[in-house]
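Protein chains: 2
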Amino acid sequence: MRIVVVYSGGLDSTVLLYHLRHEGHNLRALSVDYGQRHRRELDAAAEIAAGLGLEHRIVELTGLGTLFAGSALTSTAIAVPREEYARQNMETTTVPNRNMLLLSLAIAWAAGQHDDAVAFAAHAGTTLTYPDCRPEFAAAMDHAARLADWRPIAVLAPFVTWRKADIVRRGEALGVSLGRTWSCYVGGVRHCGECATCRDRRAAFAEAGVSDPTEYNH
Amino acid sequence: MRIVVVYSGGLDSTVLLYHLRHEGHNLRALSVDYGQRHRRELDAAAEIAAGLGLEHRIVELTGLGTLFAGSALTSTAIAVPREEYARQNMETTTVPNRNMLLLSLAIAWAAGQHDDAVAFAAHAGTTLTYPDCRPEFAAAMDHAARLADWRPIAVLAPFVTWRKADIVRRGEALGVSLGRTWSCYVGGVRHCGECATCRDRRAAFAEAGVSDPTEYNH
Chain A
38 MRIVVVYSGG
48 LDSTVLLYHL
58 RHEGHNLRAL
68 SVDYGQRHRR
78 ELDAAAEIAA
88 GLGLEHRIVE
98 LTGLGTLFAG
108 SALTSTAIAV
118 PREEYARQNM
128 ETTTVPNRNM
138 LLLSLAIAWA
148 AGQHDDAVAF
158 AAHAGTTLTY
168 PDCRPEFAAA
178 MDHAARLADW
188 RPIAVLAPFV
198 TWRKADIVRR
208 GEALGVSLGR
218 TWSCYVGGVR
228 HCGECATCRD
238 RRAAFAEAGV
248 SDPTEYNH
Chain B
38 MRIVVVYSGG
48 LDSTVLLYHL
58 RHEGHNLRAL
68 SVDYGQRHRR
78 ELDAAAEIAA
88 GLGLEHRIVE
98 LTGLGTLFAG
108 SALTSTAIAV
118 PREEYARQNM
128 ETTTVPNRNM
138 LLLSLAIAWA
148 AGQHDDAVAF
158 AAHAGTTLTY
168 PDCRPEFAAA
178 MDHAARLADW
188 RPIAVLAPFV
198 TWRKADIVRR
208 GEALGVSLGR
218 TWSCYVGGVR
228 HCGECATCRD
238 RRAAFAEAGV
248 SDPTEYNH
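As you go down the protein sequences, you meet chains A and B in turn. Take 38 as the starting number for the first sequence in this note's numbering and just add one per residue. Take 38 as the starting number for the second sequence in this note's numbering and just add one per residue.
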């Protein structure tokens, strides 16, 4: 299949690229610069996609800031919460409706190129899953994408029932350089080790029993 | 209900604003500047929303050009087809997956503001309906939007089974200044009268039996 992969440069979507490539699909990668503070993630995305020889486009959507002025991800005025995931934290660290937005862009590109599908790295959380990472959301988007254009486009979410530790194990098995992927929301030179995504990343390696190559500040 | 209306400044979405306002809803209007050539439409949107005292935001998404370099709507290198609607023409004059993109943005804003719904002016075409204006697409997006966040958001498409002439009649009944709305894809000072949307607009007034206040060049 010809598939557009929603690709952030993070651990999950990097393993997704390798996973779909391993299955023999023809991939292109789409990243979005929506003004997130962790632009380090986009640099990682560009490097890894280039290393795989994939066409990769970064769509500049900083205009989204017009709507999401209050999100810690897109504003430097709000501190990133340095605690475990909880609903309150997710509400401040996420762009509302982010996955539908990203999928819409991927579907648009796929429609223009007559591709068969788009894919995203939604997975189950260890304590709480994002609403737009649930299997029922992925299924709803698959249904909508099949109707959005004259040619049906599928929405694939092969990790949707996996935990992050499962993704780490799959990445290890596929020989992914997991240390080159970027998770930290703070966006310094090294992973901070304290924000919710760093804690989540570290816990996933521990749970998977895979040695964590990430350099953390703390 | 508190509703975000996808608002282009065109005839259909302007009548939708008046229609939902007449029903007593609390509205906000969202327009997108995705690099369309008919920016005149965005000026009309701002004027009309201001006249109604509505909060109106224009999200700048010209970064979409990275994906849609080949569309006549966003490129000055491709002539706008000056014929009746037909599938071939629609494919060159539309941004792929446009309605899902616009709805995604509206749902994001609605989620951030704890609104109840978003609305768009999809309607049936006289000869051929766009794929993402079909009732089944609107229903699929409604289903997805109810799952995208913890609070369900509805997707409303009250004109989805109407013809454009029905919208003209509704606008006339509600006292909308239809002459202030903008349809032309060419984007001059006056409507060109020759492009597909101008022909569609003119035909809708004729079919509705409503006097057409639009100034056309031809």
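Where a beta carbon is used, it is the ideal one built from N, C-alpha and C, also for glycine. Note that the structure is predicted; figures quoted are calculated from it, not measured.
_Within-8 Å CB hit, Ile40 of chain B to chain A_ = no
*Would you grab the beta carbon distance between Gly216 of chain B and Thr251 of chain B for me? Rounded to a whole angstrom, and I think it's under 8 Å.*
6 Å
*Which residue or residues does DSSP assign as beta-bridge partners of Leu64 of chain A?*
A:Ile40
*Hey, is Arg65 of chain B's beta-carbon within less than 8 Å of any beta-carbon in chain A?*
no
_Cβ separation of Ala156 of chain A and Leu53 of chain A, assumed to be a contact under 8 Å, to the nearest whole Å_ = 6 Å
_Tyr222 of chain B - DSSP class collapsed to helix/strand/coil_ = coil
_Own chain, CB closer than 7 Å to Ala81 of chain B, minus 5 neighbours either side, in chain order_ = Gly46, Arg217, Thr218 and Trp219
*Assigned exposure category for Asn254 of chain B - 16 Cβ within 10 Å defines buried*: exposed
*Mind checking Arg238 of chain B: buried by the 16 CB within 10 Å criterion, or exposed?*
buried
*asked:* What does the alpha-carbon distance come out to for the pair Tyr167 of chain A and Val197 of chain B?
replied: 31 Å
_I believe Leu67 of chain B touches Ala143 of chain B by the beta-carbon criterion, under 8 Å. Please report the beta-carbon distance rounded to the nearest angstrom._
5 Å
_Taking the alpha-carbon of Asp169 of chain A as reference, which of B:Ala154, B:Ile190, B:Leu79 and B:Asp152 has the nearest alpha-carbon?_
B:Ile190
*Consult DSSP for Pro172 of chain B and reduce its assignment to one of helix, strand or coil.*
helix
_Please tell me whether Ala245 of chain B and Ala210 of chain B are closer than 8 Å, where the distance is taken between their beta carbons._
no
*Pick helix, strand or coil for Arg135 of chain B, following the three-state DSSP scheme.*
helix
*Which class does Val205 of chain B belong to by DSSP, given the choice of helix, strand or coil?*
helix
*asked:* Rounded to the nearest angstrom, what separates Leu89 of chain A and Arg135 of chain A at their Cα positions?
replied: 26 Å
*8 Å Cβ cutoff, Ala194 of chain B in contact with chain A*: no
*Reducing DSSP to helix, strand and coil, say where Ile190 of chain A ends up.*
coil
*Output, in sequence order along the chain, the residues in the segment 165 to 180 of chain A whose CB is closer than 7 Å to any CB in chain B.*
Pro168, Asp169, Arg171, Glu173, Phe174, Ala177, Met178 and His180
*Nearest to Leu139 of chain B by alpha carbon, out of B:Gly149, B:Gly102, B:Val247 and B:Leu98?*
B:Leu98
*asked:* Determine whether the beta carbon atoms of Ala194 of chain B and Leu184 of chain A lie at a separation below 8 Å.
replied: no
*Arg58 of chain B touches chain A at which residues, Cβ-Cβ below 7 Å?*
Correct list: empty, because the minimum Cβ distance to chain A is about 22 Å.
_Closest residue to Gly224 of chain B among B:Val132, B:Asp152, B:Met38 and B:Glu78 (Cα-Cα distance)_ = B:Glu78
*Please confirm whether Trp187 of chain A and Ala161 of chain A have their CB atoms less than 8 Å apart.*
no
*Note down, in chain order, each residue of its chain lying with its Cβ closer than 6 Å to the Cβ of Ala241 of chain A, except the 5 sequence neighbours on either side.*
Lys201, Ala202 and Val205
*Report yes or no: is there a C-beta of chain A within less than 8 Å of the C-beta of Arg94 of chain B?*
yes
*Short check: CB of Val41 of chain A to CB of Leu57 of chain A, under 8 Å?*
no
*Close beta carbons around Arg124 of chain A, own chain, < 8 Å, minus the five adjacent residues each side*: Unreliable positioning characterises Arg124 of chain A in this predicted model, as indicated by a pLDDT of 41, which lies under 50. The coordinate reading is nonetheless provided below. Cβ within range, chain order: Leu165.
*List, in order along the chain, the chain B residues whose C-beta lies closer than 8 Å to that of Ala145 of chain A?*
Leu101, Leu104, Phe105, Val132, Pro133, Asn134, Arg135, Met137 and Leu138
*Note the first and the last residue of the continuous beta strand (DSSP E) segment covering Val96 of chain A.*
Glu92 to Glu97
_Given a cut-off of 8 Å on the beta-carbon distance, is the pair Thr103 of chain B and Arg227 of chain A in contact?_
no
*Since Ser141 of chain A contacts Met137 of chain B with CB under 8 Å, what's their CB separation in whole angstroms?*
5 Å
*Backbone CA spacing between Phe105 of chain A and His180 of chain B [nearest angstrom]*: 23 Å
_Bridge partners for His228 of chain A per DSSP, in chain order?_
A:Tyr253
*Along chain B, which residues have their Cβ under 7 Å away from the Cβ of Ala185 of chain A?*
Asn134, Met137, Pro168, Asp169 and Phe174
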